[in-house]
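Asks: Just passing along the structure, written as structure tokens.
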Amino acid sequence: MIFHCQHYYTPHSFRENIKEFDAAFHDWFGSESLLVHIALTECFNNAWEHGNLMDESKPVIVYIKEGRTRVYLRIEDKGAGYCFKDTVLPADSDSLLEKERGRGLFIIQNTVDWALTDQAGTTTLMIKRKVRK
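Numbered according to my numbering, the sequence shown terminates at residue 118, and the numbering increases by one at each position without gaps.
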């Protein structure tokens, strides 16, 4: 079982350190490992940009916990919060091709099995089932 908790202050530090999970992601998610990696990166980027407003003195905290049948990916920022349920996402991916923004939440929603936010809107929990071997 793997448990990871790390404070990141920039996207660069996150990208450099999250590489250590490439092998675990492949074991856990098989052919979907890259998509889950992208979803986690998008969630981190949203927390850093929209939550912490790119303030390098505020951490984005990343938790990765392996369960027996699922992996829990939690991202926490120090911002004012948002409501995932109130975010209007396009019904199809074609409309996203025309936009510069908004792809992150779409990717998250269509990659993980569950995506939840806390009441404050500063923590997102993504849950993804592991592949059966």
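No residue lacks a Cβ here, since even glycine has one placed at the ideal position from N, Cα and C.
Met111 bridges to which residues according to DSSP?
Replies: Paired residues: Leu58 and Ala100.
Asks: Would DSSP call Cys28 helix, strand or coil?
Replies: Residue state, collapsed to three classes: helix.
Asks: Using the three-state DSSP reduction, which class does Val116 fall into: helix, strand or coil?
Replies: Coil.
Asks: Would DSSP call Lys4 helix, strand or coil?
Replies: If DSSP states are grouped into helix, strand and coil, Lys4 belongs with the helices.
Asks: In chain order, what residues of the same chain have a beta carbon less than 8 Å from the beta carbon of Val97, not counting five sequence neighbours either side?
Replies: Result list for Val97: Val21, Ala24, Leu58, Met111, Ile112 and Lys113, in chain order.
Asks: Checking the sheet assignment: what are the DSSP bridge partners for Glu51?
Replies: Its beta-bridge partners are Val56.
Asks: Using DSSP with H/G/I as helix, E/B as strand and the rest coil, what is Ile92?
Replies: It is helical.
Asks: Is Phe10 buried or exposed, if buried means 16 or more other CB atoms sit within 10 Å of its CB?
Replies: Buried, since its Cβ has 16 or more Cβ neighbours within 10 Å.
Asks: Take the Cβ of Glu61 as the centre, count every other Cβ of all protein chains shown within 10 Å, and call the residue buried at 16 or more, exposed below.
Replies: Buried, by the Cβ-count rule.
Asks: Given that a residue counts as buried once 16 or more other Cβ atoms are within 10 Å of its Cβ, and exposed if not, what is Ile(-13)?
Replies: Under this definition Ile(-13) is an exposed residue.
Asks: Shortest alpha-carbon distance to Phe6 belongs to which of Cys68, Gln94 and Ser18?
Replies: If we check each option's Cα against that of Phe6, Ser18 comes out closest.
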